[in-house]
Amino acid sequence: MQNQPNQPNIKSNRKLISLLVLGCLAMFGFGFALVPLYDVLCEKLGINGKTSNTASNYQAITVDKNRVVTVEFISQVSTGMPWKFEPQTKRLDVHPGELIHTTFLAQNLSNRLIVGQAIPSVSPGQGAAYFNKTECFCFNQQHLAAASRAELPLIFFVDPQLPESIHTLTLSYTLYDITDKQLASAIEQGAAK
Amino acid sequence: MSTLTQDQIAAHDEHHHGAPKGIMRWILTTNHKDIGTLYLWFSFIMFLTGGAMAMVIRAELFQPGLQLVEPNFFNQMTTVHGLIMVFGAVMPAFTGLANWLIPMMIGAPDMALPRMNNWSFWILPFAFTILLSSLFMEGGGPNFGWTFYAPLSTTYSPDSTALFVFSIHIMGISSIMGAINVIVTIVNLRAPGMTWMKLPLFVWTWLITAFLLIAVMPVLAGAVTMVLTDKFFGTSFFEAAGGGDPVMFQHIFWFFGHPEVYIMILPSFGIISAIVPAFSRKPLFGYASMVYATASIAILSFLVWAHHMFTTGMPVFAELFFMYCTMLIAVPTGVKVFNWVATMWRGSLSFETPMLFAVAFIILFTIGGFSGLMLAITPADFQYHDTYFVVAHFHYVLVTGAIFSIMAAAYYWLPKWTGHMYSERLGQWHFWCSVISVNVLFFPMHFLGLAGMPRRIPDYSIQFADVNQIVSIGGFAFGLSQLIFLVLVIKCIRGGEKAPAKPWEGSEGLEWTLPSPAPYHSFTTPPEVK
Ligand code: HEM
Ligand SMILES: [Cu+2]
Chain A
1 MQNQPNQPNI KSNRKLISLL VLGCLAMFGF GFALVPLYDV LCEKLGINGK
51 TSNTASNYQA ITVDKNRVVT VEFISQVSTG MPWKFEPQTK RLDVHPGELI
101 HTTFLAQNLS NRLIVGQAIP SVSPGQGAAY FNKTECFCFN QQHLAAASRA
151 ELPLIFFVDP QLPESIHTLT LSYTLYDITD KQLASAIEQG AAK
Chain B
1 MSTLTQDQIA AHDEHHHGAP KGIMRWILTT NHKDIGTLYL WFSFIMFLTG
51 GAMAMVIRAE LFQPGLQLVE PNFFNQMTTV HGLIMVFGAV MPAFTGLANW
101 LIPMMIGAPD MALPRMNNWS FWILPFAFTI LLSSLFMEGG GPNFGWTFYA
151 PLSTTYSPDS TALFVFSIHI MGISSIMGAI NVIVTIVNLR APGMTWMKLP
201 LFVWTWLITA FLLIAVMPVL AGAVTMVLTD KFFGTSFFEA AGGGDPVMFQ
251 HIFWFFGHPE VYIMILPSFG IISAIVPAFS RKPLFGYASM VYATASIAIL
301 SFLVWAHHMF TTGMPVFAEL FFMYCTMLIA VPTGVKVFNW VATMWRGSLS
351 FETPMLFAVA FIILFTIGGF SGLMLAITPA DFQYHDTYFV VAHFHYVLVT
401 GAIFSIMAAA YYWLPKWTGH MYSERLGQWH FWCSVISVNV LFFPMHFLGL
451 AGMPRRIPDY SIQFADVNQI VSIGGFAFGL SQLIFLVLVI KCIRGGEKAP
501 AKPWEGSEGL EWTLPSPAPY HSFTTPPEVK
């Protein structure tokens, strides 16, 4: 036998295996890295309709009286949550730069305390970055006692830089029941103290 | 060595390090041929199991209205059918073929990592037992589709979702181990003189597939892990209430999912590239372009995932980007189809069963590619998305594509595996029954989809009734036809005409230099590669 049997060369196998395993671990990490990456990309490119969750300043804004933008409001309550939640005005024609007050009505239809969290989303997504809220109930959680109701304020203005191609902005709120999560974290905090 | 008869070799094996007898042979085996056989049988059992679920689906859809099963059970059937066929039937069949063939094709004695090979097979039955047993749990098994979109798999899923996640983890680990083994084998165990551009295309396509597996199976593992923690441990990756985003699930899933569909088709390309030249008695047309086409398909497959998400409200530039990238994939795919046809052109063709399946593959896979192109047109996809048109598309590429190529491979290499010729008469029966019924089954689905019938719903409006009846009849016929294959394989293992070392006149490759059946240990001395 002149040729050595092509037995696995343990050393070069080891090296290749470690590289491949490393590659696997890296890709597992990459899967999770997609989460912050997604958020950053969406925010930077302003593409998925998320509005800022901090209050904007209304300062040195000139109102563009020549332009009218329609703002529509829609609301949804997540499945099984016993609340009524609706905009009091469904549609407004506004000038970019104008500061607008509007309200939503929330009513707890059950006989226990429920904590709600509203999540906003603007459509078309590219408009989200130009929809500025100086005050919004969505910045906080809403605690509603059994069978009580509340008027939830929203103060916003549309940035005059809004691209010409956008004539209508639709602001959608989805309301989630976070009572259980609230209770859980309250208990945890209590235990910590 | 080559002058020894087969019996002498067998006796030699028995004497030195032959296989232990009985069940322990299979449990403890580290032999690539044994493990290949295990994978192939496992895959066939899963094929029949998933097929039985498809029969439930088609029976329910035979008539409009709800006849046989509850909607929730129907959803479990569509989900588990998809999972079993993808992860239990197609992928293990390819791994089984890789085990059997790659060492023989590159002149290696075995796979490079035989003990890991044993593990990567033997964890699979556990994974599928877990998945199948979840169907019998209170609340039922997974019912959210094989794509397990959040929030269906998080907020609205049954408790058994934890089992689903666990079983996917195990399947993923198994595939990754298999992929590592394939890569190490191909890189380190090629016989002297077997240079890269001499590798048979099946080896090339599997090498590239293995890299795809390593790149995306971990991402799938991450996705199921996020579903698990969202559902049971209060994280909010995909829940808007906690700052997450359900659309992100689809991005992560399809980042895995689209390369995954190529994982299920690239080895097929390798198989067809072996069979078509053999029965055309001509060398493959355009070997190098086949290698480059495979590599470009693999790279492009990472840039097209969002063609599954055109209707999620992406910005227009993204829709266009993914539309054009998707259409670009059709170019290297077209190169392949062209090369196969050019190989047959003026060849001296004969149509034994492997060739019949290969030719059917070329035609029917191309139909699937065309419907894919239609789906890639963004505005058109708004109409087709989530209808039976999509179901027709992916069954053409997966059943008449991937599965037909696996059948072709089984017929082509059965004489090498068993040492007997299969019954050509039964093979022809199997082919013609399959190819007719599969088209009765899937072709009318295009029309159902264009007419607007949604997928994954147990009931439908009355105007779809006739076509659904035809589809169901095709489905039952296709299911039954596969039993012919089972009988044929069992007969071929038990006996039959003795197969020579090279039963197909036009075939090429090192595996045909070995006697049939291939000895338990092949190429303990590296062969001469010309
Ligand atoms: C020319 C090549 C191809 C093109 C252009 C293409 C395009 C597409 C598009 C646009 C969709 C999304 C349809 C929708 O949901 O609205 C789709 C779905 C799908 N394709 Fe393809 N495809 C091609 C080849 C393949 C191949 C080779 C396979 C697998 C072997 C495959 C498997 C699938 C599967 C499984 C789905 C459906 C996934 C699901 O929603 O469950 N495709 N294809
Ligand atoms: Cu795809």
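Chains A and B, in that order, are what the protein sequence lines are. Counting from 1, position 188 in the first sequence corresponds to residue 188 in full-length UniProt numbering; the numbering is continuous, with no gaps. Counting from 1, position 297 in the second sequence corresponds to residue 297 in full-length UniProt numbering; the numbering is continuous, with no gaps. Note that CB positions come from ideal geometry on N, CA and C, so glycine has one too.
With 16 as the cutoff for other CB atoms within 10 Å, does residue i come out buried or exposed?
| i | result |
| --- | --- |
| T79 (chain B) | buried |
| F255 (chain B) | buried |
| M197 (chain B) | exposed |
| H430 (chain B) | buried |
| D180 (chain A) | exposed |
| D230 (chain B) | buried |
| E135 (chain A) | exposed |
| K11 (chain A) | exposed |
| R190 (chain B) | buried |
| G29 (chain A) | exposed |
| E60 (chain B) | buried |
| M81 (chain A) | buried |
| P503 (chain B) | buried |
| M177 (chain B) | buried |
| Y156 (chain B) | exposed |
| H32 (chain B) | buried |
Is residue i close to chain A, meaning its C-beta is less than 9 Å from at least one C-beta of that chain?
| i | result |
| --- | --- |
| L101 (chain B) | no |
| V87 (chain B) | It should be pointed out that residue 87 (chain B) corresponds to Phe in this sequence rather than to Val. So no, F87 (chain B) is outside the interface. |
| H251 (chain B) | yes |
| V184 (chain B) | yes |
| M323 (chain B) | no |
| D159 (chain B) | no |
| L4 (chain B) | Below a pLDDT of 50, predicted positions are generally treated as unreliable, and L4 (chain B), at 39, falls in that range; the measurement from the model is reported next regardless. For L4 (chain B), the answer is no, since every Cβ of chain A falls outside 9 Å of its Cβ. |
| residue 533 (chain B) | Because chain B in this structure spans residues 1 to 530, residue 533 (chain B) falls outside the shown range and cannot be described. |
| P503 (chain B) | no |
| G313 (chain B) | yes |
| T427 (chain B) | Inspection of the sequence shows that residue 427 (chain B) is occupied by Gly rather than by Thr. Chain A contact via Cβ: absent. |
| M104 (chain B) | no |
| A98 (chain B) | no |
| G509 (chain B) | no |
| V489 (chain B) | no |
Does chain B have any CB closer than 9 Å to the CB of residue i?
| i | result |
| --- | --- |
| Q117 (chain A) | yes |
| S123 (chain A) | yes |
| T174 (chain A) | yes |
| D39 (chain A) | yes |
| I187 (chain A) | no |
| N6 (chain A) | Its pLDDT being 49, under 50, N6 (chain A) is placed unreliably in this model, and the coordinates cannot settle the point. |
| C136 (chain A) | no |
| N48 (chain A) | yes |
| L45 (chain A) | yes |
| I166 (chain A) | no |
| I74 (chain A) | no |
| I178 (chain A) | yes |
Starting from the beta carbon of residue i, find every residue of chain A whose beta carbon is closer than 8 Å, and list them in chain order.
| i | result |
| --- | --- |
| I168 (chain B) | Going along chain A, no residue has its Cβ under 8 Å from I168 (chain B), so there is no contact; the nearest lies around 13 Å. |
| I176 (chain B) | C24 |
| M248 (chain B) | L34, V35, Y38 |
| G234 (chain B) | K181, A184 |
| F237 (chain B) | V35 |
Interface residues of chain A around residue i at Cβ under 7 Å?
| i | result |
| --- | --- |
| V187 (chain B) | L16 |
| P218 (chain B) | C24, M27, F28, G31 |
| G222 (chain B) | F28, G31, F32 |
Using a C-beta to C-beta distance shorter than 9 Å, which residues of chain B count as neighbours of residue i?
| i | result |
| --- | --- |
| L162 (chain A) | Near L162 (chain A) there are no residues of chain B at all, since even the closest Cβ is about 16 Å away, more than 9 Å. |
For a contact defined as C-beta to C-beta under 8 Å, what are the partners of residue i on chain B?
| i | result |
| --- | --- |
| N13 (chain A) | A112, L113, V184, N188 |
| N9 (chain A) | N188 |
Which residues in chain B have a C-beta closer than 7 Å to the C-beta of residue i? List them in chain order.
| i | result |
| --- | --- |
| Q107 (chain A) | What Q107 (chain A) touches in chain B: nothing, since even the nearest Cβ is about 19 Å away. |
| L20 (chain A) | I180, I183, I214 |
| Q126 (chain A) | P315 |
Determine, for residue i, whether the minimum Cβ-Cβ distance to residues of chain E falls below 9 Å.
| i | result |
| --- | --- |
| S78 (chain A) | Judged by its chain identifiers, the structure shown contains no chain E, and its protein chains are A and B. |
Please list, following the chain, all residues that have a C-beta closer than 6 Å to any non-hydrogen atom of ligand 1.
Spelled out in chain order, the answer is B:T147, B:V261, B:M264, B:I265, B:H307, B:H308, B:T326, B:I329, B:A330, B:T333, B:G369, B:G372, B:L373, B:L375, B:A376, B:D381, B:Y384, B:H385, B:V390, B:H393, B:F394, B:V397, B:L398, B:G401, B:A402.
Do three or more CB pairs link the region 397-412 of chain B to the region 461-474 of chain B at distances below 8 Å?
No, the region 397-412 of chain B does not touch the region 461-474 of chain B.
Please confirm if the region 113-121 of chain A is in contact with the region 169-185 of chain A, defined as three or more CB-CB distances below 8 Å between the two stretches.
Touching, yes, given that three or more Cβ pairs across the two stretches are closer than 8 Å.
For the region 343-362 of chain B against the region 423-437 of chain B, do three or more pairs of beta-carbon atoms, one drawn from each stretch, fall closer than 8 Å, so that the two count as touching?
The region 423-437 of chain B and the region 343-362 of chain B touch, with three or more beta-carbon pairs separated by less than 8 Å.
Hey, is the region 222-241 of chain B in contact with the region 277-296 of chain B, meaning 3+ C-beta pairs nearer than 8 Å?
No, because fewer than three Cβ pairs between the region 222-241 of chain B and the region 277-296 of chain B fall closer than 8 Å, the two stretches do not touch.
Under 8 Å: do the region 43-61 of chain B and the region 359-373 of chain B share three or more Cβ pairs, one atom per stretch?
Contact fails: fewer than three Cβ-Cβ distances are below 8 Å.
When you compare the region 112-120 of chain B with the region 149-158 of chain B, are there three or more beta-carbon pairs, one atom per stretch, that lie closer than 8 Å?
Result no; under three Cβ-Cβ pairs closer than 8 Å.
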